[in-house]
Amino acid sequence: VSATQIFTEIDFERTGKQVGWLYLPHSVTRSAYGNIAVPIAVIRNGSGPTVFFMAGTHGDEYEGQIALCNLIRSLDPGMVQGRIIAMPAANLPAALAGTRTSPIDDGNLNRAFPGDPTGTPTQQIAHFIDQIIFPLTNYYHDFHAGGASLDYVPFVSMRMSGDPALDERAMAALKACRPSDGLTWKYSHGQGFCVMAAMQRGIVALGGELGGGGSVNLCGVAMAERAIQGLLAHAGVVAPAIDKAPPASVPRLWEVPARSYYVLAPAAGLFQPVVELGAQVEAGMECGLVHFVDDPGRSPVSVEFRASGMVMAKRHLGRVERGDCVSHLATEWKG
Ligand SMILES: [Zn+2]
Numbered sequence: 360v361s362a363t364q365i366f367t368e369i370d371f372e373r374t375g376k377q378v379g380w381l382y383l384p385h386s387v388t389r390s391a392y393g394n395i396a397v398p399i400a401v402i403r404n405g406s407g408p409t410v411f412f413m414a415g416t417h418g419d420e421y422e423g424q425i426a427l428c429n430l431i432r433s434l435d436p437g438m439v440q441g442r443i444i445a446m447p448a449a450n451l452p453a454a455l456a457g458t459r460t461s462p463i464d465d466g467n468l469n470r471a472f473p474g475d476p477t478g479t480p481t482q483q484i485a486h487f488i489d490q491i492i493f494p495l496t497n498y499y500h501d502f503h504a505g506g507a508s509l510d511y512v513p514f515v516s517m518r519m520s521g522d523p524a525l526d527e528r529a530m531a532a533l534k535a536c537r538p539s540d541g542l543t544w545k546y547s548h549g550q551g552f553c554v555m556a557a558m559q560r561g562i563v564a565l566g567g568e569l570g571g572g573g574s575v576n577l578c579g580v581a582m583a584e585r586a587i588q589g590l591l592a593h594a595g596v597v598a599p600a601i602d603k604a605p606p607a608s609v610p611r612l613w614e615v616p617a618r619s620y621y622v623l624a625p626a627a628g629l630f631q632p633v634v635e636l637g638a639q640v641e642a643g644m645e646c647g648l649v650h651f652v653d654d655p656g657r658s659p660v661s662v663e664f665r666a667s668g669m670v671m672a673k674r675h676l677g678r679v680e681r682g683d684c685v686s687h688l689a690t691e692w693k694g
């Protein structure tokens with residue numbers, strides 16, 4: 360069925376815990392018969408659904424990478440009824456470089472689906488996940504953060520599939536992750552998203568932004584670990600854990616309805632935000648200023664919000680080009 364070139368010693372059907380690699384042929388000067396070894400773990404016991412966790416889709420988003428490494432080391436197969444598949448560094452070259460896209464092909468794994476078995480390494484990884492792992496999967500969680508360029512209020516997210524029954528199941532799974540904030544993306548920046556590809560296969564699929572700035576957000580790691588426990592319990596794959604300090608059980612629910620909730624830099628320069636993450640703003644309020652340090656007599660350009668809501672994300676890096684996202688808002692979830 361699949362023409363993937365990726366090979367592995369991992370057996371998705373075997374009982375027990377396997378930690379190994381997906382080998383993607385990559386012939387280069389330093390290694391004629393070399394392979395990119397993408398880490399993967401499969402933990403299987405008894406019968407039950409399959410939950411697939413992924414992080415390192417973007418290499419500079421770290422909270423999920425840490426949470427999944429912790430999961431892989433700590434889980435005893437005897438605790439599992441069903442199957443857990445975990446890829447903590449899905450786009451390995453990007454994860455090792457600490458970059459959003461792969462340094463090999465500039466590939467963005469979260470824009471590469473459904474992938475291509477004869478394409479670049481990033482396209483091949485996407486194809487393997489879409490063709491080999493998604494058909495095994497009932498529940499999927501892909502962990503993100505803002506990366507180098509953005510900071511986020513941490514949240515767990517879902518996307519609208521067009522199937523109300525699947526969306527309802529995704530919202531139930533989101534709530535089971537017990538985040539302080541939950542968000543529904545109704546607007547998408549581009550195409551080729553992992554979560555959308557999963558939803559097209561009827562998988563209950565979640566995402567989330569757990570921090571940003573190319574750093575490790577402590578609350579974000581905790582949110583990822585709570586989400587892993589919550590989703591595994593919700594799926595019936597692992598018995599519910601008893602938290603020492605359970606978070607608020609009802610998340611605040613948000614949505615991003617349209618492109619107008621994004622604010623773009625109108626010019627190249629140095630961006631000064633004037634609002635903090637989590638602030639409530641109205642359309643027409645100032646979001647920030649673009650300064651021209653090479654022409655100090657020139658007045659800075661003001662950038663305004665075009666919608667009302669909460670500041671969910673803001674730019675982390677100071678320098679901007681025209682068209683860079685400097686902030687985006689979310690508004691209360693309308694269902
Ligand atoms: Zn990301």
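Sequential numbering from 360 applies to the sequence shown in my numbering. By construction, the Cβ of each residue, glycine as well, lies at the ideal position given by its N, Cα and C atoms.
Query: Any non-hydrogen atom of ligand 1 closer than 7 Å to histidine 675 Cβ; Result: no
Query: Nearest-angstrom beta carbon gap, asparagine 469 and threonine 543 [assumed within contact, 8 Å]; Result: Not really, about 17 Å apart at Cβ, beyond 8 Å.
Query: Nearest-angstrom Cα separation, counted from alanine 507 out to alanine 449; Result: 18 Å
Query: Continuous beta strand (DSSP E) stretch holding serine 686: start and end; Result: 684-691
Query: Serine 661 in three-state terms, based on DSSP; Result: strand
Query: Any non-hydrogen atom of ligand 1 within 7 Å of histidine 417 CB; Result: yes
Query: First and last residue of the uninterrupted beta strand (DSSP E) at alanine 647; Result: The sequence shown places glycine at residue 647, rather than the alanine named in the question. Looking at the DSSP string, the run of the beta strand (DSSP E) that includes glycine 647 is 645-650.
Query: Phenylalanine 552 (DSSP reduced to helix, strand or coil); Result: coil
Query: Contact test: histidine 548 Cβ vs ligand 1 heavy atom, cutoff 7 Å; Result: no
Query: Simplified DSSP assignment, three categories, for histidine 486; Result: helix
Query: Contact under 8 Å by Cβ, lysine 545 with valine 622; Result: no
Query: Nearest to glutamate 635 (by Cα), restricted to the options Phe651, Glu584, Arg585 and His687; Result: His687
Query: Straight-line Cα distance separating valine 649 from histidine 385; Result: 43 Å
Query: C-beta atoms of valine 378 and valine 596 nearer than 8 Å; Result: no
Query: Cutoff 7 Å; reference arginine 678; Cβ partners in own chain excluding five residues on either side; Result: Leu629
Query: Selected residue, minimal CA-CA separation from alanine 600, among Gly551, Gly589 and Ala594; Result: Gly589
Query: Rounded separation between glutamine 631 and threonine 363 - CA only; Result: 46 Å
Query: Distance between beta carbons of arginine 432 and arginine 403, contact taken as under 8 Å; Result: Between arginine 432 and arginine 403 the Cβ distance is about 17 Å, and since that is not below 8 Å, they are no contact.
Query: Beta bridge counterpart(s) of valine 615 as assigned by DSSP; Result: Trp544
Query: Segment limits, beta strand (DSSP E) that includes valine 410; Result: 409-413
Query: Beta-carbon proximity list for glycine 571, same chain, < 7 Å, skipping 5 on both sides; Result: Ala504, Gly505, Gly506, Leu509, Asp510, Tyr511 and His675
Query: Beta-carbon contacts of proline 462 that lie in its chain and below 8 Å, excluding the five residues immediately before and after; Result: Pro452, Ala453 and Ala456
Query: Histidine 675 - containing alpha helix (DSSP H), residue span; Result: Run containing histidine 675: none; DSSP gives neither H nor E here.
Query: Check whether glycine 434 and proline 447 have beta carbons under 8 Å apart; Result: The identity of residue 434 in the sequence shown is leucine, whereas the question assumes glycine. No, they are not a contact pair.
Query: Glutamate 680, DSSP secondary structure in three states; Result: coil
Query: Span separating the alpha-carbon of aspartate 540 from that of leucine 612; Result: 6 Å
Query: Local Cβ density within 10 Å of proline 480, reported as buried at 16 or more and exposed below that; Result: buried
Query: Under 8 Å between C-beta atoms of threonine 458 and asparagine 467; Result: no
Query: Buried or exposed by the 16-neighbour rule on C-beta atoms within 10 Å, applied to serine 520; Result: buried
Query: Near ligand 1: glycine 506 beta-carbon under 7 Å from a heavy atom; Result: yes
Query: Of the listed residues Gln424, Ser390 and Arg389, nearest to isoleucine 399 (C-alpha basis); Result: Gln424
Query: Extent of the continuous beta strand (DSSP E) run through leucine 623; Result: 621-623
Query: Selection from Val580, Ala535 and Ser619 that minimises the alpha carbon distance to serine 547; Result: Ser619
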